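To start, the structure itself, in structure tokens.
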Amino acid sequence: MDSGDHSARDQSVRDDFATSAVPLDRRYSALSMGLLWITMVSGFPSVLVGFEWHKAGFSLTQVLTGAFVSCIILLVYVLSASHLGAVTGLNFAMLTRSVFGRRGSQIISALQTFLFLVWYAMIAGFVAVELKGLFVIPCTVQVVAAVAAILMAANNLFGFAGVANFAKYFAAPVLIFWIFSLCFKTSVLTPVSAWTEPGDGAFPSCLSVISSFVIGYSVWGNEADFWRFAKPNLLTTSAPLVVAILVGQIVFPTSGWMLSRLIHVADMSTATGAVTDFSFGNAPLLAATVLTASYFAAGDANLYGSINSIENLLKFDRIKLVLSMMAFTAIVAIVLTYYGKAFEILSSFNSIVLPCVTIILIAEYFLIRRWKPALRPQDGDLLVYQPGVLWKAMISLLLGWTVGILTAGVIGGTESLHVGVWPLYAWLASLVSYLVLRLVAAVQSDRAAS
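Counting the sequence shown from 1 gives a position; our numbering is that position plus 151.
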């Protein structure tokens with residue numbers, strides 16, 4: 152390999168392969184990816200939601216059944232999205248360029264940047280509230296949130312390696328040890344009769360509530376940004392995903408439900424304190440360690456996704472971009488501490504905005520191009536090819552978003568549409584419409600050629 156090849160490769164490593172496929176010798180093991188993903192689909196909110204489900208009157212059987220059904224639907228999506236990243240080695244931005252066009256991709260990147268930076272800032276707010284509850288800190292929540300936003304960004308100075316290694320060597324082991332300890336303690340204390348206790352509501356309404364959290368909290372939409380660093384093997388992709396999602400969205404919420412049944416917390420504002428007291432007793436430092444491991448890992452992943460999307464819009468030195476984001480997200484974190492409804496609203500939109508994009512990518516790469524190889528575009532520079540907007544993909548995306556917004560229940564007068572696994576309706580709308588538009592175009596092209 153000559154010096155020019157070495158120079159190009161070194162630059163790709165520094166840029167975290169923003170404009171090229173991740174080479175096979177830079178891929179991570181299934182264990183590393185699984186530990187990373189556990190930190191991305193689990194955490195304190197996954198335990199606290201168990202309290203909400205118990206307070207809403209859901210039975211243990213309803214919680215487990217609803218979570219399991221939601222996880223099956225989630226896995227179908229996540230396996231496809233993650234495997235797409237693994238087999239192509241391309242990040243989310245490069246994949247969208249080839250299907251939505253360069254301008255379409257930039258529109259998506261702008262939305263991704265907004266969503267992920269808001270998530271990141273909101274996580275900093277969570278850290279501030281939790282730490283203020285554990286310690287006497289002579290600062291306001293806003294100041295602590297701003298400091299947390301700055302500190303959480305540090306791992307991103309090292310690109311994907313910094314995010315993955317923090318999860319692998321610290322966050323995931325801490326979370327796994329804590330949640331299985333909590334699960335064991337609550338399981339021992341929960342009577343067998345809990346399995347036969349009836350719930351207060353019908354299962355369809357329970358499923359709607361449970362799936363909203365499971366899917367809203369666990370889907371990222373830009374799975375390819377992370378799984379392009381995985382080995383391109385379906386088994387090594389599926390095994391860590393299955394384990395991570397089962398732990399994050401069944402073990403975590405179920406432990407929270409059982410703990411809520413044991414201690415009967417009436418006010419959700421005291422639920423976090425109840426969890427930490429039950430788990431750690433009079434050990435606030437241990438509680439703070441678990442809290443920071445959980446939230447910092449999730450913050451890492453959100454900032455990493457936003458940095459990748461910004462690089463699709465503007466050219467920045469990655470280090471300078473991370474440093475700029477530290478200051479910007481600190482300000483956003485301060486602002487979001489005044490908005491209590493931000494999590495609920497953001498979780499709803501998180502289920503549809505980027506996942507609908509990925510559904511279309513999956514349809515294109517795994518269905519259209521395999522069924523009709525002639526529709527596969529010529530190899531070329533993904534930075535410049537498809538310069539405008541590819542309207543078949545954009546129309547399908549807009550249709551999916553419209554269905555998702557109408558069924559999310561966040562707009563007045565649409566509550567009757569908020570039933571069942573509502574994100575699935577948006578995904579199917581994007582999938583079916585895109586397949587129809589692409590196949591109709593293919594048939595017309597064949598007729599014209601003949």
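Built from N, CA and C at the ideal position, the CB exists for glycine as well. Computed from a prediction, not measured in an experiment: that's the story for all the values here.
Relative to the C-alpha of residue i, which candidate in the options has its C-alpha closest?
| i | options | result |
| --- | --- | --- |
| Thr440 | Ser369, Tyr489, Thr427 | Thr427 |
| Thr553 | Ser502, Leu474, Val295 | Ser502 |
| Ile510 | Leu497, Ala577, Thr480 | Ala577 |
| Ala444 | Ala169, Tyr179, Thr190, Ser183 | Thr190 |
| Pro349 | Gly456, Ser210, Val587 | Ser210 |
| Val583 | Val227, Val483, Ala544 | Ala544 |
| Phe331 | Ala592, Arg379, Val398, Thr239 | Val398 |
| Ala438 | Gly194, Phe311, Arg178, Ala169 | Gly194 |
| Val343 | Val278, Ala390, Thr212 | Thr212 |
| Ser547 | Trp522, Ala514, Arg520 | Ala514 |
| Ala353 | Ile223, Ala434, Val570 | Val570 |
| Val192 | Ala395, His234, Leu579 | Ala395 |
| Val173 | Ala300, Pro289, Phe311, Leu285 | Phe311 |
| Ser356 | Trp204, Glu281, Ala599, Val416 | Trp204 |
| Asp176 | Leu505, Ala381, Phe429, Ala478 | Ala381 |
| Leu215 | Gly201, Leu588, Ala580, Trp573 | Gly201 |
| Phe335 | Ser430, His234, Phe321 | Ser430 |
| Tyr179 | Ala580, Gly313, Leu285, Ala322 | Gly313 |
| Asp351 | Tyr585, Gly208, Leu266 | Gly208 |
| Ser363 | Val594, Arg598, Pro574, Arg589 | Pro574 |
By the DSSP assignment, the alpha helix (DSSP H) with residue i in it spans what residues?
| i | result |
| --- | --- |
| Glu566 | Unbroken run through Glu566: none, as it is neither H nor E. |
| Thr423 | 422-431 |
| Ala244 | 243-285 |
| Leu129 | Nothing in the structure corresponds to residue 129, since the chain is present only between 152 and 601. |
| Ser369 | 354-369 |
| Gln595 | 573-600 |
| Asn459 | 435-462 |
| Ser183 | 181-192 |
| Cys334 | 323-340 |
| Trp408 | 403-414 |
| Ala558 | Looking at the sequence provided, one finds Thr at residue 558 rather than Ala. Element bounds for Thr558: 542-558. |
| Thr387 | 385-397 |
| Ala318 | Neither: Ala318 is in no alpha helix (DSSP H) and is coded neither H nor E. |
| Glu348 | First-last for Glu348: undefined, no H or E at that position. |
| Gly201 | 195-206 |
| Ile482 | 469-487 |
| Thr293 | Looking at the sequence shown, residue 293 is not Thr but Gln. Element bounds for Gln293: 292-303. |
| Leu505 | 504-513 |
| Asp376 | 374-378 |
Using a Cβ-Cβ cutoff of less than 7 Å, which residues in the same chain neighbour residue i once the five nearest sequence positions on both sides are dropped?
| i | result |
| --- | --- |
| Thr337 | Ser406, Met409, Leu410, Leu413 |
| Leu534 | Caution applies to Leu534, whose pLDDT of 43 falls short of 50 and renders its modelled position unreliable; the value that the coordinates give is listed next. The answer, listed in chain order, is Thr170. |
| Val250 | Ile511, Leu512, Glu515, Leu541, Ala544 |
| Trp329 | Ser430, Val441 |
| Trp346 | Leu211, Thr212 |
| Ser581 | Cys507, Ile510, Ile511, Ser547, Leu548, Leu550, Gly551 |
Within a Cβ cutoff of 6 Å, which residues of the same chain sit near residue i, ignoring the five residues on either side of it in sequence?
| i | result |
| --- | --- |
| Val540 | Gly252, Arg254, Gly255 |
| Thr488 | Gly276, Val292, Gln293, Ala296 |
| Ile274 | Tyr446, Ala449, Gly450 |
| Leu557 | Thr565, Leu568 |
| Thr247 | Ser256, Ile259 |
| Phe377 | none |
| Ala592 | none |
| Ser460 | Ser260, Gln263, Thr264 |
| Tyr271 | Gly450, Asn453, Leu454, Thr480 |
| Met152 | Any reading at Met152 is ruled out, since the residue's pLDDT is 47, under 50, leaving its predicted position unreliable. |
| Val238 | Pro383 |
I believe residue i touches residue j by the beta-carbon criterion, under 8 Å. Please report the beta-carbon distance rounded to the nearest angstrom.
| i | j | result |
| --- | --- | --- |
| Leu186 | Ala318 | 6 Å |
| Leu392 | Leu226 | 7 Å |
| Gly555 | Arg379 | No, Gly555 and Arg379 are not in contact; Cβ-Cβ is about 26 Å, not under 8 Å. |
| Leu436 | Val220 | So it is not a contact: roughly 39 Å between Cβ atoms. |
| Glu374 | Ala232 | 4 Å |
| Ser183 | Ala315 | 6 Å |
| Leu505 | Leu586 | About 19 Å separates the two Cβ atoms, so there is no contact after all. |
| Ala299 | Val278 | 4 Å |
Give me, in chain order, the residues of the same chain whose beta-carbon lies closer than 8 Å to that of residue i; leave out the 5 immediate sequence neighbours on both sides.
| i | result |
| --- | --- |
| Ala218 | Ile361, Val365, Gln400, Ile401, Pro404, Thr405 |
| Leu199 | Gly407, Met419, Ala422, Thr423, Val426 |
| Val269 | Val483, Leu487, Ala493, Leu497 |
| Leu464 | Gln257, Ser260, Ala261, Thr264 |
| Ala478 | Ile301 |
| Val222 | Per the sequence shown, the amino acid found at residue 222 is Cys instead of Val. For Cys222, where only same-chain residues beyond five positions count, the Cβ hits under 8 Å are Val365, Ile396, Leu397, Gln400, Ile401. |
| Lys283 | Val292, Val295 |
| Ala390 | Ala181, Gly185 |
Heavy atom of the ligand HEM less than 8 Å from the Cβ of residue i, yes or no?
| i | result |
| --- | --- |
| Val192 | The ligand HEM is absent from the structure shown, which contains no ligands of any kind. |
- Query: Looking at C-beta atoms only, is the number of pairs between the region 472-483 and the region 294-311 that lie closer than 8 Å three or more?
  - Reply: yes
- Inter-stretch contact at 8 Å, needing at least 3 Cβ pairs: the region 242-254 / the region 444-452: no
- Task: Evaluate contact between the region 165-179 and the region 368-376, counting only Cβ atoms and requiring at least three cross-stretch pairs below 8 Å.
- Result: no
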